[in-house]
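Residue numbering for the sequence shown follows full-length UniProt numbering, starting at 1 and increasing by one per position.
The C-beta atom is built at its ideal place from N, Cα and C for all residues, glycine as well.
Here the structure is a predicted model, which means the values were calculated and not measured.
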Amino acid sequence: MSLLDAARDVRERAYVPYSKFKVGAAIRGASGAIYRGCNVENVAYPEGTCAEAGAIAAMVAAGETRLTEVAVIADSPSPVPPCGGCRQKLAEFANADVPVLLATTDGAEMRTTVGDLLPGRFDAGHMART
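Written out as structure tokens, the structure is:
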């Protein structure tokens with residue numbers, strides 16, 4: 001199964017009773033394993049969980065801390081980029097050159113990288129004096 005197919009599959013299990021906006025994400029860990037996440041809403045906005053954060057949590061729970069590829073899919077007119085918080089979360093576990101595929105359920109795709117999504121990212125080097 002491709003990374004995009006994994007994201008497409010998990011998207012169908014999103015819990016979105018309020019917005020009805022399903023998002024699926026899949027990431028490939030350094031081991032080659034695929035981890036999936038879908039958005040999970042909560043009536044107490046904004047206490048939900050983004051799909052990308054769910055996939056990262058699954059990866060970390062499995063014992064991995066490096067990702068090598070990302071795919072995100074949503075039913076939208078154009079590919080939906082990760083929110084700002086998820087961009088920082090992806091940057092925590094990925095090098096700047098890690099490829100990111102953003103897609104729609106209609107087949108539109110946009111290819112980018114973690115670094116292009118979050119230029120000037122905050123990283124551990126900023127905390128070198130602590």
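Confirm, please, whether the CB-CB distance from R121 to A74 is below 8 Å.
In the sequence shown, the residue the question calls residue 74 occupies position 74. In the sequence shown, the residue the question calls residue 121 occupies position 121. Contact flag unset, no.
What do you get for K20, buried or exposed, if any count of 16 or more other CB atoms within 10 angstroms of its CB means buried?
As a position in the sequence shown, residue 20 is number 20, starting the count at 1. The residue is exposed, with fewer than 16 neighbouring Cβ atoms inside 10 Å.
Determine, using beta carbons only, whether Y35 and M59 come nearer to each other than 8 Å.
Locating residue 35 in the sequence shown gives position 35, where the first residue counts as 1. Locating residue 59 in the sequence shown gives position 59, where the first residue counts as 1. Contact: yes.
Does DSSP put C38 in a helix, a strand or coil?
As a first step, residue 38 is located in the sequence shown; it is residue number 38 there, counting from the start. The answer is strand: DSSP assigns C38 an E or B state.
Three-state secondary structure assigned by DSSP to V60:
Start at 1 with the first residue of the sequence shown, and residue 60 comes out as number 60. Here V60 sits in helix by DSSP.
Which residue comes first and which comes last in the alpha helix (DSSP H) that contains A7?
As a first step, residue 7 must be located in the sequence shown, where it is residue number 7. Element bounds for A7: 3 to 11.
Alpha carbon to alpha carbon, what distance is there between G29 and I56?
In the sequence shown, counting from the first residue as 1, residue 56 sits at position 56. In the sequence shown, counting from the first residue as 1, residue 29 sits at position 29. C-alpha separation (whole angstroms): 9 Å.
Just grab the DSSP bridge partners of R111 for me.
To locate residue 111, count along the sequence shown from 1; it is residue 111. L101.
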